[in-house]
Every structure is written in structure tokens, then in C-alpha cells.
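A.B. asks: Those protein sequences? They're chains P, D, V, F and S, same order as listed.
The numbering of the first sequence is the working numbering, which starts it at 1 and goes up by one.
The numbering of the second sequence is the working numbering, which starts it at 312 and goes up by one.
The numbering of the third sequence is the working numbering, which starts it at 700 and goes up by one.
The numbering of the fourth sequence is the working numbering, which starts it at 999 and goes up by one.
The numbering of the fifth sequence is the working numbering, which starts it at 1361 and goes up by one.
Note that beta-carbon positions come from the ideal geometry of N, C-alpha and C, so glycine has one too.
Mind having a look at this structure? Questions to follow.
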Amino acid sequence: MGEKSMADVSPSTIDAASMAGPRGTKPKNRLSRRNIFLYGTLILISVYYLLPLYVMVVTSLKGMPEIRMGNIFSPPVEVTFEPWVKAWSEACTGLNCDGLSRGFGNSVRILIPSVALSITIASINGYALANWRFKGSEVFFTILIIGAFVPYQTMLYPIVILLREIGLMGSVWGLVLVHSVFGMPILTLLFRNYFTAMPEELFKAARVDGAGFWGIYFRIMLPMSVPIFVVAMILQVTGIWNDFLFGVIYTKPATYPMTVQLNNIVNSVQGVKEYNVNMAATLLTGLVPLVIYFISGKLFVRGIAAGAVKG
Amino acid sequence: ADLEVTHWWTSGGEAAAVSEFAKAFTEKTDHNWVDGAIAGSGGTARPIIISRIIGGDPMAATQLNHGRQSEELIEAGLMTDLTEIAEAGGWKDLVNPSALLDACTFEGRIYCVPVNIHSAQWLWLSHDAFAKAGVAVPQDWHEFVAAAPALEKAGLVPLAMGQQGWQQNIAFGTLTIAIAGIDDWREVSVNKNADVAAGGSYTAVFEAAASARELARDSNVQDWNLATNMVISGKAGGQIMGDWAQGEFQVAGQVAGDDYTCLPGLGINQILDTGGDAFYFPKVDDPAVQAAQLELATLLISPEVQVAFNLAKGSLPVRGDIDMSSANSCMQKGLQILADGGVLPSNDMNLSADTTTQVEDLMAEFWASDLSAADAQARYVDIIARAD
Amino acid sequence: MDMNAAKRPNRWFRNLSAKVASIPMILTALVVFVGGTAWTVFYSFTGSRLLPKVKFVGFDQYERLWSTRRWMISIENLAVYGICSLILTMVLGFTLAALLDRKIRFENTFRTIFLYPFALSFVVTGLAWQWILNPDFGLQGVVRRWGWEGFNFDPLNNPDLVIYGLLIAGMWQGTGLVMVIMLAGLRGIDEDIWKATRVDGIGLVKTYVQVIVPMMRPVFVTALVIISSGIIKLYDLVVAQTNGGPGISSEVPAKYVIDYMFKAQNLGQGFAASTMMLVSVIIILVPWAYLEFGGKKHG
Amino acid sequence: MNIPKPSVQIRDLDLHFGEVKVLQGLNLDVGEGEFLVLLGSSGCGKSTLLNCIAGLLDITDGQIFIQGENVTWKEPSERGIGMVFQSYALYPQMTVEGNLSFGLKNARVAKDEIKRRVGRAAEVLQIEPLLKRKPGALSGGQRQRVAIGRALVRDVDVFLFDEPLSNLDAKLRTDLRVELKRLHQQLKNTMIYVTHDQVEAMTLADRIAIMKGGKIMQLGTPDEIYNRPQNRYVADFIGSPSMNFLEGNLENAEFSTGDLKLPMAGYNFVNGGASNGETTIGIRPEHVVTGELLGRASVQTNVKVNLVEPMGSDTLVYADLAGDQIRIRMDGHSQVRTGDTLPIGIDAQRASLFDKKSETRL
Amino acid sequence: MNIPKPSVQIRDLDLHFGEVKVLQGLNLDVGEGEFLVLLGSSGCGKSTLLNCIAGLLDITDGQIFIQGENVTWKEPSERGIGMVFQSYALYPQMTVEGNLSFGLKNARVAKDEIKRRVGRAAEVLQIEPLLKRKPGALSGGQRQRVAIGRALVRDVDVFLFDEPLSNLDAKLRTDLRVELKRLHQQLKNTMIYVTHDQVEAMTLADRIAIMKGGKIMQLGTPDEIYNRPQNRYVADFIGSPSMNFLEGNLENAEFSTGDLKLPMAGYNFVNGGASNGETTIGIRPEHVVTGELLGRASVQTNVKVNLVEPMGSDTLVYADLAGDQIRIRMDGHSQVRTGDTLPIGIDAQRASLFDKKSETRL
Ligand SMILES: Nc1ncnc2c1ncn2[C@@H]1O[C@H](COP(=O)(O)OP(=O)(O)OP(=O)(O)O)[C@@H](O)[C@H]1O
Ligand SMILES: Nc1ncnc2c1ncn2[C@@H]1O[C@H](COP(=O)(O)OP(=O)(O)OP(=O)(O)O)[C@@H](O)[C@H]1O
Ligand SMILES: [Mg+2]
Ligand SMILES: [Mg+2]
């Protein structure tokens, strides 16, 4: 420590020195090594993340000849929306040549009740688990959590039988049920952690005020859990919208969701693979969750911080 | 009534063929054909079809490869019995070869309608490719192998091969019939004789397959029709693929003999197996649909529909009594073999799906790796020994 | 005044609403998860083919399973993919979170870029990367066309590398979520700890490695759970990107299960395979779940 | 103390969390209109006891009576209690008015009655101008008043407070403490109040219950607790700076340790007569007198000063006495310095004697 | 006070968070070996100032010198400071030893030197038996000691403490306070200590800086701050129970409000002579005397008691004087009751006078 010797300097010299030397904010170099490294790394990694999107968009705007000739990274010489039109409304699977348009409606019809039902059930579960424990509630919850890890494949067949027994096989409601069941573990965990982190005294106060199970849930807990609802909603919307396996197994062609339709289009190869149509179809299918992420990404991050990560 | 029909015919030729069914059904009856195509191969579609049938929400009719696949569904009483209309239509006498109907028969009752005959043992050759390589179009497998270096030199892939187990298994099966001969093939495939599978004739087959593997080294497409497309566009010399490839050539506007050549049995053995597609009619409750199911069943096997469908699909009709003169030369070759009785039972009937899957897995691995012929054979013998 | 003891009311009817409201959860846990699993395990001891049939064959299905090459490859692939994906996702997720946590400009933009793939399904992911990794049109072709003729990057057609091809795509899709979780964790670290390390003169990297990472253990556990629950279910991506190929070099257990259940129509075999997956999940999970949820009373 | 009419009675209360026995065989009677403070260190079971009374915890064994009625298995809202929490526990999405009326709405009280009661509570607590605000827009003290109001509107017999002031800063705490005392004098409800702040306990309570490890160590008026602690724990716990303890011997009504001899003739022994044997004496820092008051003390000696802590109004002096360090509270203006020798006097009559083994008061 | 040698000097320090000007033109000199306490209510900028000295915040303008060296742009680790945080900020996964040695290892201090220093620090702080434990297994007080140790091993010139005791309970706080004072007497380092606890400030500080809104309101010894507050803010802020303020008029060295007249002849005016005009007088509760001390007071009167708060050692009495409520601190044994009329005396020489407008001391 060099400054030790400085300690001998008499007060008066110090006061003289006080006029000199650095003053105010330390000047910062915008192009410091740290910044170059930081932003360099970020930009480099961004390329990895953006590349597929870029390629998909660019490809979907090219004509087939251009694709066959060229470079997947080069921007389209001649922008054409033909592939998008085709993917949306013309691509054929078997005899049906209505592209993704049909699947879109189905997906929406599946999505809305599934998201609503699964979040409703899971939030009630989480609330019961956090605030109204009863003997065995933790056991059921543990089973549920282990269930989150069970490969869906293990369950496919028993669920077919289950749905048959309750007569919902092939209907949209059957699929809604399946989504609610498989969304339950993670969502319940989210809600449980969130509600557990809420001050217990609030719950006690409401009980003293004579509110019952439902009264507390609707009047106290629900209004306070917007962030976690946002997280749950985003997770479920993407999960359900993107689901292929359940959609294909538990529905029928008339009710196929968009992903199944996408698979059909991509795998129904007529002569050559129409990459541009495939990419357009892929983008169209991903559009709904993508838009949701772009719009509510910030809320998502905040919600995760609020509930999902237990300290 | 609206009849929902599921199938996995989604490639160009297949879709054209199935539209013949739909057209005929919609035009000739009061019913509607609701198309339930599932893309991907049978591998994707079958679980969906089966789970729907088991799940109590069956479609009205569905394509399935007939044979052992559906035995249990029939046994469980999930399929409509077609015996009555079969007898009324005299299917027993019409269907040729009769093995096709046998495959639909379970404990004396008939449960499915065979709609076409498929044979897998074809080698499809591109004239364009051989012209580029400057060699004559081969007339059998041996010539093809001999011509391969020239193709390679011309920058072409000698053998197009989709990287999927079932395609590779077809190639293997075709090589077996051609190289090991029919008797040994029958011993192994029908009688599950593992000793024969371990024998010298099969060693030759595996070695041939190993060399075919080299020829297909640069073919990295996945789907069969993409491989066919390599032949059509002259990027590859040939492809071993079933007669359904015919449909692709047709859609591409190519003419057999001029643009491409087909060699049944690899040009070595004039013999074909008689697999095929069949339609099953799961039991449903709605009487209107039940009636429509029977109408569709009758319709599918009716002469005009058979002609129209099979011309489009490139497969052979299941009836011996119809006029297929408008078929092209490849199909004519097939019809001729059929007429000569050069038929073998298809593997769908010989081997369980379980065994087939195992063989396909083996083939997938074999074709994509450097697994030696001897090792592959040893593993094959293992599978055959355990086959049921 | 009445000083008589009050009778303890029946346990079953205390907080009845809570119990009634939990019925869906209880049913799901018992009927679907326990019941369904038990059903599957039960039938794995039978010789069921296309339909479940009670025809016991003992451990035959398991013996066959463990002597099947495809199963062994599947396990191996899952292990390689799982370990690499766990480590890389954690490292990349944490690194990204740490970079974003450095009070940078455009934080929102970068975060959106890293997170958006999570909105896309594995099917879409698989297709997109299949396309980019296509040796002719994709990255390799493009680099070659730029003049580097010898450039070789064709993982999807190389049996030894294909699993890494899957990894590239899987990471692309999944790292964003882990990053967000890590970011949330980083934001939860006491500001004073940062100050303490600065006063102690600890370098930035060292601070992260030796102080921050160990402090984020619970966050890492959360991330670990999320990543690993995804890994074991790896299926869609494989089907979409490689379909198990080339050959069987990118097969995974989940695909084995599906293929044997439906394609090979050997339910018994498929069930045996899924039971094995389940067993491994339980072996890994039960101790953790017990510690995390069973042992503690609250919080 | 003479309890007018029991309002809350607790009989043999046991509460276990699994293996942990938090409350064990606890008995307590609270008189009507009494202000009872539960005081104890963290984790001693104060909140648990309060939650049991409120019905927020299912007790393991025992009985609880409120206004003579056995409420052991009643719902919290049916017990005629109101509760105020440390963290206020206001419903953040409701206005102050909403917070106040929530319980009444749940009980289906008529609309104008709700209005009347909310109005009255708001008037008593002087929060009328805040009625339309949400809790987020209130200061800590205002929030606490709303929390009290929430109990107030419900016209309950018993108020339960769980450290209602400990989230507030020192100044506000003092103000609200006074207000609370005044409120009690005005409402005359029974109040049970949990705190671990002695000053609050001393100033608010009619009686204080000192708890330790789930048991009540002493129950008595603040004066009793402060001046006649029943055992060493209570003596040590109460008082800041805390009591000085010296170990020694009691013989013939004289306490001796080292050179120091304290005649305990005037001491009011619990069992009437003096005991002999190993004894601990407890002397409060303010009962060690100095300066002009020296003359009032029964015993005088000199001590050496170790450390001086000026605290403004007082000065705390640490000094050695008979081998132990003692604390002496002196006036804020005293000019004592470390190292000084200080003449002190000890007010032995005001000391407390404890049996060394059992630590109970002699 | 005469500063022996400046150790920390702050010149014209400005710190803005965006629009918010947290510190403005702040100047402060801390002498070598001095124990300076920064005292102020929450949000007044105490932590901010400390962080500026430590180099943890980039200042907006001004200069900082430590041991005579301009450290304005230096890294925290190069300033020769050690810092102890309210939340301890121990590295939870390292043992106590690891926590102590982490900084040294990083500075590549030789192994045996590290050992020596850790050993010495552990000895000073009496945490030797804990060296192998992790922070999770320590009590609050032990943790705080380790946190101090972490600064200690680094052999720094200046110690910075940011409310190091406020997470501890009252008893522990008192103990550690004494320990800290002793440590300072032993080490003789410069210490800058942030708190909002007056008792801590009064007992620990050589000098106290009272802050408000980013400015220093008064800088002086505890005695100066307590007895000669420079403005009404300081007077009100310091002391508990807080000072009584009466508004009135000062004329001819006599303060009058209502009937009450206080002769201020002995009062030590800031500018030497007396001023006239509207004035506020501040009287500390303990300077209102009763009982036998009544005689010492310059002015005597009777008041009516509103509320009595017995606090054990003292009794706080609220009474009306000249239209205002005043607090009076009495002995713990006094038997005053609400409604009594109490004769009191006021020690006017010890009162403080403030100009009503400017609120500064007269
Ligand atoms: N749900 C619970 N499960 C197990 N033990 C608990 C539970 N709640 C409280 N305890 C234990 O019961 C004891 C008493 O807790 P309680 O909250 O009543 O203490 P307290 O006196 O209110 O303390 P504080 O002053 O800190 O609020 C503590 O030792 C605590 O650890
Ligand atoms: N990062 C920041 N951005 C904006 N304002 C800030 C920031 N940090 C602190 N402030 C503001 O600066 C002011 C002073 O904060 P500081 O933490 O120094 O207060 P303090 O005196 O230490 O209070 P406490 O006693 O509560 O710790 C506060 O009004 C605070 O809101
Ligand atoms: Mg408590
Ligand atoms: Mg602070």
C-alpha cells in the first residue's frame, strides 16, 4: 500500500492537495475492454439465437428456384408471399387442401378452454397446498411433481382407456382435460410457491374476517396473484399451442390443432420439399406464442422472479 | 352420411390415387368422403388410428396394411364383419392372389377390403443418369453394380436411398429374394428358420447389402419420394423401392421405358411379393354410418374404382378380372408376373410388426454405419430365431 | 359458565372446501399418475401386443429390452444429450443471465432474443435446425460457397455427431427459460454481497464462480429440475430433426417407447421401456422431492 | 390481582408441531376489559398462543373459552375476536373502506349498518380522510390504524395483537403506543397483546405474562414483574440495561460475596422468613446510586470504572464489584471517566434474591 | 473538537441518482482514529455517503481523500477501507476462515501471513472456535463479528459500518455495542459508523454527524449534540422520550408562553447576547424535575397528569403545560396517577432556545 507513506503529510499539505487530483465521476470509456467483451459476446450469442428465425423468414419469402440455387442466408432477391398464402390456405394433406387455416381455428378452440381450465385448477391446487394443508396434501403434491417428470409416453395408453371410459376420446374436451392434467404439476408448483411466499398473516386476517376457502381465494388471493397468472398463462399458451403428441393422439382430423396440420404439411411431400412453404407454415404456427413472448416477455421475467424461483 | 376415412397417402401419386376413391364414393353414393389424411408414414399414422379405435372414437374406415397388424383389433371385436357383402360380391373368386383375402380373414370371417397389391421388389433406374455417366441402362442388379463407378465418376449417386429403416429393409428384402433365392427366403421369412438365415446364401445377401450401402453413401435424403425424386431428376442412378414409386414418375410426367426403367425382382428373379393396402371398417354405433361403410367396402373393390385407383397409384389391382390395358409398361410387367403366379406372401403377413420393427432397426443401423456384414447377419439371425 | 370439554370435530370434515377443491388434484395424482403408471408397469410384465392382455411373461420384456441394441443406443444418447445439455444449458443460461445483469443497454432486446425460441415448439425447432444444418443448403454449403471448400459441418448425417446436432437445437430452444430463471436468481442476491466482494477486491469472474454461483444453489436446483424434466421427455425434437437417424444413431428412449408401443405393436415391450424410464426418474427424484416438499412444514 | 369476570380462559393447552412441543399444558385467565401483554424472547411461542386463541391453529389438546363459551373448535370468525398483525396484513387491492368492511360483508351485515360501523371506527381512529385510499398509499402508522380498525368494526369482545408496532420506527412506535393505550381506556375491550419490546409491555399492560419455551414464567402487573420477579429468568429478561447479578451466600439475612456484605433485613421474603445457602442477588442498575443520593442507600462501597457509555439522558457506567462487572445508571450529566474510582451505594431492599439452584425468588 | 490528523476528507460531495439529488455539496473531515457516527432517519443518505467513501458508488462531483490521498477514482479495494454491512454479507458457502481469508488470498498475500492475520482477528473477536463453521451455523451476533473480522484482517486504515447491529435483537445489540467500543479503543482505527439508533450513536461516537436530506445538520460530540442541538431538527431527533417544545416569546432574556414565564438569564446564547422575538423552547423530559429535586429547578409550577406510562426503571408522565402536552420522566417508583396535579420544576438553564422561523439555536 503506497499511501501509507502519505500519512505523514501534514494537514496543511493535504488541504493544498485537495484542490488537485481527480474530481467527480470517474471518466468511463465507452469502448473499454469490458464493454467490447460484454457486447461482443452478447452480439455473438444473439447471432446463434437469431439465425434460425432469420433463415426461416428469408426462406419463406423466396421462390423455390431461388432456394435451390442460392444461399440460405442471402436475402430474397424477389420477395414473394406465395409460400405464406400456400401454407395458410392451399397446402395439401391427402385430399384436404386448406393448409393451416383449419388448424388455426382448432388450436384456438383447444387453447382457450385448456389454458383456462388448467390455470384454474392449478391455482386452486396451489392455494390449497399453500394455505389449507390437510393430511396427505403434500403426498398428493409430491406425486404430482414426480408426475411432471414421467415421460408422457408412459401415460398415453392408460389415458386412451381413461378417455374412452368417460367418453371424451376424440373430442376437444378430452384434449382439454389431457392438457389440464399434464399442465397441473408445474403450474401447481408455481402457484404453490407463489402463494406460500405471500404473507401468511394476510390469510389469517381474512380468516378472522370470516372469509372461507373460496372467499379468500377469490377476494384476497386472486387479485394479488396477477404476476404468477401471467407466467402460468404464457407457459400454458406456448405449451398447449405447441403440443403435437396429445393433439395427434387424442383428437381426430376434424379437430387437429395447427401443429398437427403443420406436421402434415411438412411431411406431405409432393415431389420436392417446398422449403419455403414449410418455413412459412412453421412461422405461421409459431406466430401466436412468438407474439405473446414479444409482447409480454417483460411480465414473464417479472413473474418468474416473483414466484417461480424460491430463494 | 359423412364417412371419415383415415389413411397415410399424402405423397403426390398417393393423393391422386386416393382422390379416385373419394370421387367415386361421393359421386356414386349419397355419402360424403371426409378425408383424414395423416402425413408421415404408417409409423406415424398407425398409432393414431389404433388409439382412436381403442379409445372408442373410431373413424368410419381406415387404411391399414392388412395382415397380422390388425388381428388383435378384430379379435377384440372392434372391426365390422364384411363377410356378408364379401360373399354377395363373390370376393373369394375375384381376388387374385387369394392370399390377399386370406389376410383379411380371421376365423373364417372377412374383415377388410384389399384395394391394391404392392410389391416391393423393384429397381427404378434413371435413363438420364446413365446417359450422363455414359453407360447403358443396366438390365439387372449385377449390371447396376458394375455401372456404379461410372455414375460416381459423373458426380452422381449410384443408389438413392431414403434414410429410414423401412426403406432400407425393402432394399434388403429385395436383395434377399434376388440373391438368396426364393426357397431360402421362404425358409427364413415364412418358417423363421434361423439356421438358413445364418447360412451362406444369406451371407451373400448381407455382403451385397454392404456393397449397396457403399453405393448409397452419398444419399442423405430421408423420405422415399425424395429418393425417388433423385432418380427422376437424374441425380441418382437408381433406387430400390416398391411399385408405388411408379406414381411419382407418373406425376413428374415421365414415361416408363423412355425416361426410366423398372426392373421387378432386380431383374434377377421375376417374382414379386403381394403386400398391399386394405381398408378396415371399425365398428360404429350410427346405423347410417354402418350402412355407408358397407357401401364403401363394396365400392372400393368394384372394377372401375380398382382401375382408376391403381392406375394413379401405380399398384396392381386386386381383381384378376379387369382390364388394365391402359397401364404403362412397368405395371404391365407386374401384371404379367402376377398372371404367371410369381407371387410371394408379403412380409406384412409373414412377420409380426414387432419382428419387422426389429429388422428395420437393424437395417437402419446397418445402412447408416460401418456395421460389418457378418455382424449384421448374426444379429439378423438372432431376430429371426426369436420371431413369432 | 360451562367448562365442559368440547368434542374434537371429525377430522374429515374440517376444512371441507379445501378438500373438495383438491379433488381434481387428488384424482389426477391418483388416477392418472399413480393409476396410469401402475397400469403401465403391470402390463410391462405381460406379452401384450396390439392390445393389453393379461398374459404374464415375467421379466421377458425387460430381458429383451436390455439386450436390444437400439435401447442401449437410446440410453447412451440420452445420457450424452442429458449431461451435455444440463451442463451447457446451465453454463450458457447463467452466462447470459450474468451478462444481462451487468446493467447493460438494450437489456430487454437481448433478453427477448434469447427467450423467443422458448415460444417455439420442438417440432419447429427441429425443422429449423434441420434446415440450417442441411449440408447442401445450410451452413456447410454456404461456407463452402464462400470459398472454404474443405469446411465440414454436417452433424445430422454423421452418426457420431448427430446427437450434438440435436444438442445445438435443443439448447437454442431451452436456454432462454433457464436464463430468465437465473436472472431472477441473480436479481435476488443481496446487493451487499456484491459490495463486500468489491471491497475485498475480488475479481468479477472469481466473484461469480466462488461467491455468486454457490449462493444460487436453490435457483440452480429449480433450473435443474426444469431442464431434466425436459430431457427425459426428449422426443419431438428427435422426430422432427433426425427421426432417429442416421440409422439408429440418434434414437432416444421415449421414441423407443412410442415405436414399440405403436409401430411394432408390442405394448409389453414399450411398457417395459417406459417403466425403465420411470424407474430412473424415480431413483433420481424421490429423494429430492422428499427433501424439497415432504420434509419441511412450510415454505 | 382480582379478575372481574373472565373473558378468555385457557385450560391445559397443548400445541405440537409434529415432534416440536411449542405449548405445553398452558393455563391462562384474562379478565374482561383487561389489557394482557404476552412478553418473551423470539420463538417462545407467543404468536402460537395468540393463533390458538384466534382459532388459526388447531390445538393438540386443551380447551379455550371466550366469554364463557367453549370455542375450542370454532372458526376464527365465530369466536368474537379481532386480530391485528405485525405486518398489518391489509388487503392490498381493496381501499381502506373495503378493508374495514370485508369482514362485515362476509358476515352479511346490512349495508347501512356496515356504513355506520365503518364510519364510527374511522372516527375513533381518525382515518376518515383515508377511506378511499389503498393501503399502498398509506404510511406505516396509518396502515396499522386501519388494521386496528378492521378489528374494531367487527364489534368483537377480544382484541388480539401480534407485535402490532414492531414494524414501525421508534418515534411512531411511541406515538401509537400512547394512542393504543388511550383506545383501550375508551373501548374497554379485552386485549391480548404480543410483543417482545419491554417498554411496550410495561407501559400498556394491566398484566404481563412472561413466556419462555412455551410456558408462562410469571403473570403479574408490570410493577410486580419489574420489582418482584419470580425467578432469575424474568428478572434478567425485564429491565434495560438489565439487572446485575452477583453470586454469593445468604446467611442470617445477610448476603455476602467477596468483601461485600449486604444486610437483607428489610427484604420481603416470599415464604415469609429468610432462607440460607447459595444465593444470587439481582440489583437493577438504577438501584445502584451515586452522588447526592448516596446517602439513601443501605450499603456503600467504592468501585473502579471500566467503561462509560453516555446515552444523553443517562450515562451507563460499567464497573467491577466483588469480582463481577456491574452496570450502574447515572444521570446524563455525570462526568465519570474510565479508570475513575466511584463511590456507590446499593439499595438492598429493592434487590431481588434467588436460590442459586432453582433460580426462583426467595 | 480538535481533529488530530485528518483520515477521511470529503470535499463538496455531490451524488445524484438521475434526477434525485441524494447528497449535495457535502463536506466532512474525519480525524485519524476517530469514531464518527452518521445518524439520521431512514432515507437521509447515510448509506449513500458511506458507499461513496467506500467507492461503491460513482460520485457525481467532489473529491474524497483517505489518509491524504485522493481516492476519488480508486477502486474500493485500493482505498484502504474495510466495510461491515447490515445484512452481514458473509459468503454463505465458505467457512468463517474462508470468509476471513478470501480477500487476502485474492490479494496474493503469503499463506502464513494470511494465517497470522486470520488468527489475530479471530483472537481479537473471540471467534476462534467458530473458524471451521459456515455462516449458516452462526448466531446473528457471531455473524456480525465475522463480518467485522473480514474488515479487520485486511489491515485497513478506515472501517466503515452500515448499521451493523440493526438486524440483532436488543440484548445482543447492547452486548455487541460494548464490544465494538472496546475494539475501537484497542485498534484505534478510524471508524465511520452509520446507524439510526440514537443509543448506539451516543454511546459509540467520538463525534456524531446528524444528517437530513443529504446534508449534515450538526456535527459534534454526543454531549454537544444532546445538550446544545444547533437546530430544532436535531433537538427533536435526539433523545427518547423526545424533547418537549413550547412556542412562545423571548423578551429581555425571559421566555413566556401563556402563564408560564421562564427566566433565561443563565442561558448560553450562541451569538453571545440574548435575542428577542418568536421563539421555541425545547425542554428535555428529564429536565422537568419533580419530588425532592424540585428545589434545584429555577421555575416551579403545577401540571395536570394526562397519562402515566410506567416503564420499570422510569415512569413517563404526560401532562399539560401552557396548552401543550409535555413528557416528564420520573423515577420508576413514583406513584403518580392520571388526573393528579403534579408540582414540577423546570431546569431552564438546560433548555434550548430556537428561533421559530429559522429553527436554529439562539
Ligand atoms: N408451522 C410450524 N412448524 C413447526 N414449528 C413451528 C411452526 N410455527 C412455529 N414453530 C415453532 O414454534 C416456536 C414458537 O413460535 P412462535 O411463532 O409462536 O414464536 P414467537 O414467540 O411468536 O416468536 P417471535 O417473537 O419471533 O414472533 C418456534 O420455536 C418456532 O420455531
Ligand atoms: N439506486 C438508487 N436509485 C435512486 N435512488 C436511490 C438509490 N439508492 C438510494 N436512493 C435514494 O437515496 C436516498 C438515500 O438512500 P440511503 O440508502 O442512503 O438512505 P439511508 O440513510 O441509508 O436510509 P436507511 O436508514 O433506510 O438505510 C433515499 O431517498 C433513496 O430512495
Ligand atoms: Mg411471533
Ligand atoms: Mg442505509
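Can you give me the Cβ contacts of D853/V inside the same chain, cut-off strictly under 6 Å, excluding the 5 residues immediately before and after it?
C.D. replies: Hits under 6 Å: P834 and Q839.
A.B. asks: The beta strand (DSSP E) that contains M1443/S, what's its start and end?
C.D. replies: Start and end: I1441 to V1444.
A.B. asks: Take M279/P and list the residues in its own chain whose beta-carbon comes closer than 6 Å to its own, dropping the five residues that flank it on each side.
C.D. replies: For M279/P, where only same-chain residues beyond five positions count, the Cβ hits under 6 Å are M56, T59 and S60.
A.B. asks: Tell me which residue opens and which closes the beta strand (DSSP E) that G1343/F is part of.
C.D. replies: Segment T1339 to I1344, the beta strand (DSSP E) holding G1343/F.
A.B. asks: Quick check on the burial criterion: 16 or more other C-beta atoms within 10 angstroms. Buried or exposed for V951/V?
C.D. replies: Flag for V951/V reads buried.
A.B. asks: Taking the alpha-carbon positions, what's the A1199/F to V1594/S distance?
C.D. replies: About 29 Å.
A.B. asks: By a C-beta neighbour count over all protein chains shown, 10 Å radius and 16 as the cutoff for buried, is P27/P buried or exposed?
C.D. replies: With fewer than 16 Cβ atoms within 10 Å of its Cβ, P27/P is classed as exposed.
A.B. asks: Between the C-alpha atoms of V790/V and P913/V, what's the straight-line distance to the nearest angstrom?
C.D. replies: Distance between the alpha carbons of V790/V and P913/V is about 13 Å.
A.B. asks: Between G757/V, T896/V and G875/V, which lies nearest to I45/P when the distance is taken from Cα to Cα?
C.D. replies: Of the listed residues, the one whose Cα sits closest to I45/P is G875/V.
A.B. asks: I need the boundaries of the beta strand (DSSP E) containing N856/V, first residue and last residue.
C.D. replies: Element bounds for N856/V: n/a, residue is neither H nor E.
A.B. asks: Less than 8 Å between the C-beta atoms of A963/V and L933/V, yes or no?
C.D. replies: Not a contact, by the Cβ cut-off of 8 Å.
A.B. asks: Under DSSP, the beta strand (DSSP E) around N807/V begins and ends at which residues?
C.D. replies: Careful: N807/V lies outside any beta strand (DSSP E), inside the alpha helix (DSSP H) at E806 to L814.
A.B. asks: Give a yes or no on whether 8 Å exceeds the smallest Cβ distance from Q1453/S to chain V.
C.D. replies: Yes - at least one Cβ of chain V is within 8 Å of the one on Q1453/S.
A.B. asks: Using a Cβ cut-off of 8 Å (strictly closer), state whether W678/D contacts chain V.
C.D. replies: Yes - at least one Cβ of chain V is within 8 Å of the one on W678/D.
A.B. asks: Counting only the same chain and skipping the five closest in sequence on each side, list residues whose C-beta sits under 6 Å from that of V973/F.
C.D. replies: Outside the shown range of chain F, which is 999 to 1360, sits residue 973/F, and nothing can be said about it.
A.B. asks: Name, please, each residue of chain V whose Cβ falls closer than 9 Å to the Cβ of P1436/S.
C.D. replies: Result: K894, R897, V898, D899 and G900.
A.B. asks: Answer with buried or exposed for S1402/S, where buried requires no fewer than 16 other C-beta atoms within 10 angstroms of its C-beta.
C.D. replies: Its Cβ having fewer than 16 others within 10 Å, S1402/S is exposed.
A.B. asks: Is there a Cβ from chain F that is less than 8 Å from the Cβ of Y1448/S?
C.D. replies: Not one chain F Cβ lies under 8 Å of Y1448/S.
A.B. asks: Determine the contact status of V1156/F and V1116/F, defining contact as a CB-CB distance below 8 Å.
C.D. replies: Going by C-beta atoms, V1156/F is not nearer than 8 Å to V1116/F.
A.B. asks: Does the segment 353-367 of chain D touch the segment 383-394 of chain D, meaning 3 or more C-beta pairs lie closer than 8 Å?
C.D. replies: Yes, the segment 383-394 of chain D is in contact with the segment 353-367 of chain D.
A.B. asks: Note the first and the last residue of the continuous alpha helix (DSSP H) segment covering A461/D.
C.D. replies: Segment W452 to K464, the alpha helix (DSSP H) holding A461/D.
A.B. asks: In the DSSP assignment, the alpha helix (DSSP H) including C1050/F goes from what residue to what residue?
C.D. replies: Residues K1044 to A1052.
A.B. asks: Is H1556/S near ligand 2 - that is, is its Cβ less than 7 Å away from at least one heavy atom of it?
C.D. replies: Yes; taking the cut-off as 7 Å, the Cβ of H1556/S has a heavy atom of ligand 2 nearer than that.
A.B. asks: So what does W344/D bridge to, in DSSP terms?
C.D. replies: Answer by DSSP bridge pairing, in chain order: L314/D.
A.B. asks: Any contact between the segment 1162-1174 of chain F and the segment 1132-1149 of chain F? By contact I mean 3 or more CB pairs, one from each, below 8 Å.
C.D. replies: Yes, since at least three Cβ pairs between the segment 1162-1174 of chain F and the segment 1132-1149 of chain F fall closer than 8 Å, the two stretches touch.
A.B. asks: So, A489/D versus N580/D, is the Cβ gap smaller than 8 Å?
C.D. replies: Going by C-beta atoms, A489/D is nearer than 8 Å to N580/D.
A.B. asks: Can you list, in chain order, the residues of its chain with a C-beta nearer than 6 Å to that of L1048/F? Leave out the 5 residues immediately preceding and following it.
C.D. replies: Correct list, in chain order: L1158, D1160 and V1192.
A.B. asks: Looking at S1075/F and D209/P, is the spacing between their C-beta atoms short of 8 Å?
C.D. replies: Yes; because the gap between Cβ atoms is below 8 Å, this pair is in contact.
A.B. asks: For Q1504/S, count neighbouring C-beta atoms within 10 Å of its own C-beta (all shown protein chains included) and say buried if the count is 16 or more, exposed if not.
C.D. replies: Buried, by the Cβ-count rule.
A.B. asks: Could you compute how far the alpha carbon of F1015/F sits from the alpha carbon of G1043/F?
C.D. replies: Approximately 11 Å, taken between the alpha carbons.
A.B. asks: Given this structure, state the Cα-to-Cα distance separating L819/V from Y863/V, to the nearest angstrom.
C.D. replies: Whole-angstrom Cα-Cα distance: 20 Å.
A.B. asks: Using a Cβ-based criterion (distance less than 7 Å to any ligand heavy atom), does K1406/S qualify as near ligand 4?
C.D. replies: Under cutoff, so the answer is yes.
A.B. asks: I'd like to know whether the C-beta atoms of D439/D and G564/D end up nearer to each other than 8 Å.
C.D. replies: Their beta carbons are not under 8 Å apart, which means D439/D does not touch G564/D by this criterion.
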